[in-house]
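Everything on this sheet refers to the single structure shown next.
Protein chains: 2
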Amino acid sequence: MSEFSGKSADATSSGSVSGIGEFGLISALRKRFQESGPDSQLDDELVIVGVGDDAAVVRTPDGCVAVSTDVLVTGVHFRTDWSPPYEIGRRAAAASLADIAAMGGRATALVVALSMPADQAVSWCLRLADGLRDEATLVGARVVGGDIARSRELSICVTALGDLAGRAPVTRAGAREGDVVAVCGRLGFAEAGLAVLSRGFRSPRALVAAYQHPEPPYAAGIAAARAGATAMCDVSDGLLADVGHIARESKVGIALRGASFERPEPLQAVAAAYGLDPMLWILTGGHDHALVATFSAGADLPAGFELIGEVVARDESIGEDSPVTVDGQAVSGTAFGGAGFSHFNAP
Amino acid sequence: MSEFSGKSADATSSGSVSGIGEFGLISALRKRFQESGPDSQLDDELVIVGVGDDAAVVRTPDGCVAVSTDVLVTGVHFRTDWSPPYEIGRRAAAASLADIAAMGGRATALVVALSMPADQAVSWCLRLADGLRDEATLVGARVVGGDIARSRELSICVTALGDLAGRAPVTRAGAREGDVVAVCGRLGFAEAGLAVLSRGFRSPRALVAAYQHPEPPYAAGIAAARAGATAMCDVSDGLLADVGHIARESKVGIALRGASFERPEPLQAVAAAYGLDPMLWILTGGHDHALVATFSAGADLPAGFELIGEVVARDESIGEDSPVTVDGQAVSGTAFGGAGFSHFNAP
């Protein structure tokens with residue numbers, strides 16, 4: 002669709018999107034996506050048709066494909082004054098790439114739909130593209146296509162395709178009573194970083210960076226699948242909400258142990274400064290894209306996974322709303338809304 | 002991500018999205034997508050993991066997958082006062098499904114990212130879902146996943162996956178000098194319908210309906226691939242722009258014949274009423290998702306395709322901006338901007 006009707010197809014990085022038009026921008030983005038990112042280990046044999054046609058065509062060696070889509074909206078998932086476009090691109094890609102990892106797969110391709118005002122700077126778009134490409138390159142995936150539309154509000158919709166290499170997908174529905182629950186990756190850092198930025202600060206840098214550019218443990222998803230994970234989910238809604246998804250889909254309860262969680266120094270320091278308990282961020286913070294998985298009790302956990310609890314019988318008396326307990330206490334899984342944590346804090 | 006923090010997971014069709022929350026809405030949509038639409042010929046063997054996990058998993062019998070994404074933004078691609086949600090859903094799905102057809106494939110699955118204000122009515126979302134599902138069902142595809150985010154502006158991003166059944170994809174790059182150019186499907190109807198609605202009218206109904214709910218000739222894409230189409234594109238930017246894409250990617254020129262185009266009665270009548278030439282809509286109107294393809298000169302055209310011109314050598318003197326001529330006259334391919342048509346009208 003011709004949402005931008007610019008008259009010149011000459012793509013330059015100065016000026017606005019309306020100046021070079023939709024096709025000019027597509028041409029510039031196409032070049033950007035075809036460049037190699039850092040640590041390039043791309044398997045270009047996978048891409049049969051790339052950017053610039055009606056559809057891309059990607060190989061699926063084992064005869065199936067994992068697919069996940071995530072949309073990030075300005076003012077909700079990112080702010081252009083809090084993150085440079087390169088970091089926003091990495092973050093947008095990470096959200097979808099982590100979903101593929103959470104099925105036990107490796108992402109192979111991304112398609113990206115970008116909605117933005119006509120006065121958006123071309124240079125901003127190109128840096129966003131660099132971020133999308135570089136995050137995809139971390140797992141060997143390519144940006145193979147997309148769409149551009151005019152809108153009042155900036156938003157980025159990234160769809161990832163992934164390869165399961167012949168393994169069964171690790172869904173949310175396979176946890177069984179007696180399994181252990183383990184997590185790999187940071188919890189609460191991004192949420193604490195957001196709290197820091199919301200108060201007008203830029204440090205501690207580790208927290209702000211975690212918000213601007215999460216580092217999902219992509220390889221751990223494949224390792225968990227190989228180690229026989231019975232269920233897995235990426236932590237994007239907050240740990241309580243996401244283990245709640247596993248509990249509900251698997252029709253089990255999940256008992257977490259508060260003492261199992263590390264409370265890293267920067268979280269403790271900032272929480273103390275704001276008069277909060279760092280467990281708020283650890284248990285209900287999203288955006289970090291850690292992986293939470295269940296394994297048979299006897300399984301060797303893959304490197305990086307830490308035990309945080311176990312799968313128990315579903316407590317019918319509590320009902321579907323609260324299948325998760327922390328130290329024996331039922332908690333609601335609602336992230337960010339505060340209900341989860343206040344319930345958790347109740348005597 | 003928890004963009005809506007509603008406290009009840011009970012999904013009802015009354016009230017707003019913020020009332021039932023993200024997970025309540027996902028639960029309601031999931032049920033909707035699992036119902037069968039009309040003319041159901043679903044091959045559920047294709048879907049290994051459907052709505053409700055980190056990613057969906059879909060079979061790809063021939064070891065590759067076609068993927069295309071399209072985003073529709075309120076006020077740009079649709080207006081909620083001009084189209085009911087069911088029609089918006091069908092239209093959003095059609096945009097992506099037509100892209101798969103334009104590669105010569107059959108769509109198998111859709112994922113849908115929906116961004117919307119917190120006060121959006123749940124009933125509106127469910128009717129949108131019905132439309133998405135029913136349009137997908139036309140080609141035997143399922144909605145297998147998606148994302149929901151809060152935003153100020155309503156937008157719908159649909160990504161389609163498709164199966165090429167072992168055939169090579171029909172790209173935009175394969176047209177050769179001497180090929181014929183043919184089109185299947187309506188041209189200009191949706192654009193004329195938009196012109197009618199823009200002036201505050203609701204008829205002729207055929208044009209308004211064409212805008213609200215295009216009917217891409219899905220089966221014709223597969224038929225064209227089987228008949229050996231050398232290049233193909235769906236007409237979403239306007240015919241001149243879209244044959245321009247084929248010309249540029251194939252490094253050829255395309256010569257169209259004005260007399261080859263039908264000027265259907267409703268287009269003529271409305272154009273006359275507005276003091277316009279119906280060829281404006283036919284040559285530059287988007288949204289109808291007709292298919293334009295090139296075939297070897299001797300090929301039997303599949304049913305529904307009409308000859309409109311031929312592939313010629315690229316005229317280097319004209320340059321890349323205008324590889325398309327109508328009755329020997331160079332035209333710019335810019336859709337909607339007016340430049341294309343005013344140039345075409347020049348003496």
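Protein chains in written order, with the working numbering: chain C, 2 to 348; chain P, 2 to 348. C-beta: ideal position from N, C-alpha, C; glycine also. Remember, predicted model here, so these are calculated numbers, not experimental data.
Item                                                                                                                                                                  : Value
I want to see whether chain P comes within less than 8 Å of L195 (chain C), judged by CB atoms only; does it?                                                         : no
By the 9 Å beta-carbon criterion, what residues does the stretch 110–131 of chain P contribute toward chain C?                                                        : A110, V112, V113, A114, L115 and S116
DSSP three-state call for V209 (chain C): helix, strand or coil?                                                                                                      : helix
Could you name the residues of chain C that I49 (chain P) contacts, counting a contact when the two beta carbons are closer than 8 Å?                                 : C65 and P170
On a CA-only basis, which of C:S116, C:F202 and C:A130 is nearest S19 (chain C)? Give me that one, please.                                                            : C:S116
Three or more C-beta pairs under 8 Å: does that hold for the stretch 90–104 of chain P against the stretch 209–227 of chain P?                                        : yes
Could you give the distance in angstroms between the alpha-carbon of V59 (chain C) and the alpha-carbon of A110 (chain P)?                                            : 15 Å
Taking C-beta pairs closer than 8 Å, name the residues in chain P that G146 (chain C) reaches, listed in chain order.                                                 : V68, S69 and T70
Specify the secondary structure class of G146 (chain C) as computed by DSSP and reduced to three states.                                                              : strand
When the Cα atoms are used, what is the spatial distance from Q213 (chain P) to P265 (chain P)?                                                                       : 19 Å
Go ahead and pull the three-state DSSP assignment for L188 (chain P).                                                                                                 : coil
Do you know whose CA, among P:I21, P:G147 and P:E178, lies nearest G254 (chain P)'s CA?                                                                               : P:E178
Say whether chain P places a C-beta atom closer than 8 Å to the C-beta of G186 (chain C).                                                                             : no
For D289 (chain P) and A56 (chain C), what's the separation of their Cα atoms in angstroms?                                                                           : 18 Å
What do you get for G64 (chain P), buried or exposed, if any count of 16 or more other CB atoms within 10 angstroms of its CB means buried?                           : exposed
Have a look at the DSSP bridge pairing and note the partners of T326 (chain C).                                                                                       : C:A256 and C:A331
Taking 8 Å as the CB-CB limit, is E250 (chain C) close to chain P?                                                                                                    : yes
Looking at V52 (chain P): is its Cβ nearer than 8 Å to the Cβ of V140 (chain P)?                                                                                      : no
Give the residues of chain C in contact with P62 (chain P), contact being defined as C-beta atoms less than 7 Å apart.                                                : G64
How far does the beta strand (DSSP E) with F296 (chain C) in it reach, from first residue to last?                                                                    : A291 to F296
Since G53 (chain C) meets chain P, which of its residues come closer than 8 Å, beta carbon to beta carbon?                                                            : R173 and E250
Terminal residues of the continuous beta strand (DSSP E) containing R107 (chain C)?                                                                                   : R107 to M117
At least one CB of chain P closer than 8 Å to the CB of L162 (chain C): is that the case?                                                                             : yes
Tell me whether G132 (chain C) sits in a helix, a strand or coil according to DSSP, three-state version.                                                              : helix
Give me the residue from P:A122, P:A94 and P:L155 with the minimum Cα distance to G132 (chain P).                                                                     : P:A94
Decide if D301 (chain P) is buried, meaning its Cβ has at least 16 other Cβ atoms within 10 Å, or exposed.                                                            : exposed
With a threshold of 16 other CB atoms inside 10 Å of the CB of G295 (chain C), please say whether the residue is buried or exposed.                                   : Residue identity differs from the one stated: residue 295 (chain C) is Thr in this sequence, not Gly. Buried.
Report the residues of the stretch 255–285 of chain C with a CB closer than 8 Å to any CB of chain P, ordered along the chain.                                        : none
The beta strand (DSSP E) spanning L155 (chain C) covers which residue range?                                                                                          : Segment: none, L155 (chain C) is in no beta strand (DSSP E) and carries neither H nor E.
Give me the Cα-Cα distance between S297 (chain P) and P215 (chain P), rounded to the nearest whole angstrom.                                                          : 29 Å
What residue range does the alpha helix (DSSP H) around L281 (chain C) cover?                                                                                         : P279 to T285
Going by beta carbon distance, what residues of the same chain come within less than 6 Å of A224 (chain C), once the five residues before and after it are set aside? : P303
Within the 8 Å Cβ cut-off, does G20 (chain P) reach chain C?                                                                                                          : no
Does the distance from the C-beta atom of C126 (chain C) to that of V72 (chain C) stay below 8 Å?                                                                     : no
Roughly how many whole angstroms lie between the Cα atoms of I247 (chain P) and V181 (chain P)?                                                                       : 13 Å
If distances are taken between C-alpha atoms only, which option among C:D148, C:Y87, C:G146 and C:R107 comes closest to S124 (chain C)?                               : C:Y87
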